[in-house]
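Note that my numbering numbers the sequence shown so that position 10 is 15, with each residue one more than the last. First up is the structure itself, then whatever we jot down about it.
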Amino acid sequence: MTADTPQRPLPTPIDRTQPFWDGLRERQVRIQYSPSSDKWVFYPRSHAPLTLADDLEWRDISGEGTLYTYTIARRPTAPDFAGDEPQIIAVVELDEGPRLTSTLVNVNEGEIEVGMRVRPVFEDVPETETTLLRYEPAP
Numbered sequence: 006m007t008a009d010t011p012q013r014p015l016p017t018p019i020d021r022t023q024p025f026w027d028g029l030r031e032r033q034v035r036i037q038y039s040p041s042s043d044k045w046v047f048y049p050r051s052h053a054p055l056t057l058a059d060d061l062e063w064r065d066i067s068g069e070g071t072l073y074t075y076t077i078a079r080r081p082t083a084p085d086f087a088g089d090e091p092q093i094i095a096v097v098e099l100d101e102g103p104r105l106t107s108t109l110v111n112v113n114e115g116e117i118e119v120g121m122r123v124r125p126v127f128e129d130v131p132e133t134e135t136t137l138l139r140y141e142p143a144p
């Protein structure tokens, strides 16, 4: 990066979230699962929602899902994101159930439809050890 290139905010993993970020670096979507409630969990937590069980396990999933909703930001969502517009901000419902917020890439605006199938794209951030999770239409 040069002095003129904005430094985008990056995640700061903590112990509870580190397995998720490690999975992305390994090109794998990894989320938590609670055997006692038979539920998948995202965002990372210390206890299962509703039951408060402390049996959460990290498991690899396909990361595939359905576009639940989206918006197109035609202006930068923050100064650090200038130049990324239009940015397609998406909520993806994973096949396992949880929803997560990401960015939709490799798609023309006119092709976007709520309910379309999407798959993960792993974006390495240059000069860092960070990999971000993006989504694109599934074939």
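Backbone N, C-alpha and C define an ideal beta-carbon position, used for all residues, glycine too. Predicted, not measured: the structure shown is a model, and the values here were computed from it.
Delimiting residues of the alpha helix (DSSP H) encompassing residue i
i	result
residue 29	23-30
Nearest neighbour of residue i, chosen from the options [CA to CA]
i	options	result
residue 62	73, 68 and 50	50
residue 16	134, 104, 144 and 115	134
residue 13	144, 73, 143 and 137	137
residue 103	44, 91, 74 and 30	44
residue 35	18, 27 and 65	65
residue 39	108, 31, 28 and 54	54
residue 112	83, 75 and 101	75
residue 68	101, 20, 92 and 26	101
Inter-residue CB distance, residue i and residue j (contact presumed, cutoff 8 Å)
i	j	result
residue 126	residue 140	6 Å
residue 99	residue 120	No, residue 99 and residue 120 are not in contact; Cβ-Cβ is about 14 Å, not under 8 Å.
residue 123	residue 72	5 Å
residue 94	residue 106	7 Å
Residue range of the unbroken beta strand (DSSP E) whose run includes residue i
i	result
residue 12	Per DSSP, residue 12 belongs to no beta strand (DSSP E) and is neither H nor E.
residue 129	122-129
residue 99	92-99
residue 65	62-66
residue 34	34-39
residue 78	70-78
residue 46	44-46
residue 134	From DSSP, residue 134 is part of no beta strand (DSSP E); its letter is neither H nor E.
Heavy atom of the ligand SAH within 7 Å of residue i beta-carbon
i	result
residue 27	This structure does not include the ligand SAH; it has no bound ligands of any sort.
Are at least three pairs of beta-carbons, each pair with one atom in the region 42-60 and one in the region 78-98, less than 8 Å apart? no
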